[in-house]
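Undergrad: Once you've had a glance at the structure underneath, I'll fire off some questions.
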């Protein structure tokens, strides 16, 4: 269960999908590899609260899926790419013997409690598997510079919901604009403008 939990957490934090309905309904047939401009992308078709939608996974996600595949006794003999092409109708998140665990939430809670990470220092609230969705959104906004419209579509939610939950990030997102750094000219640019 420990290995499945590690990969489950990493996939949640790298896709923004919802724990529960979307993640636990994910089948191998919903996972697709495609190429565009010489780059390989991983796409998942998830179904849950807002219906079916396609999400693009962060680049490392394929490695977590490959680990789950390698541990799955009944499908590990199928090469990974073939597994996806054959659109195998089996759940992604299951134990090596094929059992779908009903204890993912409890295992996660024990994991973060034992690690001393159960309480979020900013909010004072207990972390849950849903917290990984917030992790994805925060990283997408702060580290990747994703706009809120693209994030809302990826996460299957509204722009208003993104604004409501992540408006506290706005000063950091707009730091260059707020400090004027985005509009400062370099010394060379300033002198060139002065000479014109």
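In our numbering, the protein residues as written are 906 to 1101. Heads up, the beta-carbon is just placed ideally off N, CA and C, and yes, glycines get one too.
1) Less than 7 Å separating the beta-carbons of residue 918 and residue 1024?
2) With H, G and I counted as helix, E and B as strand and the rest as coil, what does DSSP make of residue 910?
3) Which residue spans inside the segment 1022 to 1065 form an unbroken alpha helix (DSSP H) run of at least 4?
4) Determine the DSSP secondary structure at residue 986, reduced to helix, strand or coil.
5) Go to residue 1019, then tell me how far its alpha helix (DSSP H) extends in each direction, as first and last residue.
6) With a cut-off of 8 Å on the beta carbons, I'd call residue 910 and residue 1009 a contact; round off their distance for me.
7) Return yes when the Cβ of residue 920 is within less than 7 Å of the Cβ of residue 953, no when it is not.
8) Residue 950: beta carbon under 6 Å from a heavy atom of the ligand ADP?
9) Do the segment 929 to 939 and the segment 986 to 996 meet, that is, are 3 or more Cβ pairs less than 8 Å apart?
10) Which residues does DSSP pair with residue 952 in a beta bridge?
11) Identify whether residue 929 lies in helix, strand or coil by the three-state DSSP scheme.
12) Alpha helix (DSSP H) containing residue 966: first to last residue?
TA: Checking against the coordinates, here is how it stands:
1) No. Outside cutoff.
2) Of the three classes helix, strand and coil, the one that applies to residue 910 here is helix, per DSSP.
3) 1036 to 1047 and 1053 to 1060, all fully within the segment 1022 to 1065.
4) Reduced to three states, the DSSP call for residue 986 is helix.
5) Start and end: 1009 to 1019.
6) Right, the Cβ-Cβ distance comes to about 7 Å (below 8 Å), so this counts as a contact.
7) Going by C-beta atoms, residue 953 is not nearer than 7 Å to residue 920.
8) Questions concerning the ligand ADP fall outside what the structure shown contains, since it holds no ligand whatsoever.
9) Yes: at least three Cβ pairs fall under 8 Å.
10) Beta-bridge partners assigned by DSSP to residue 952: 957.
11) The three-state reading of DSSP puts residue 929 in helix, counting H, G and I together.
12) That run of the alpha helix (DSSP H) goes 966 to 976.
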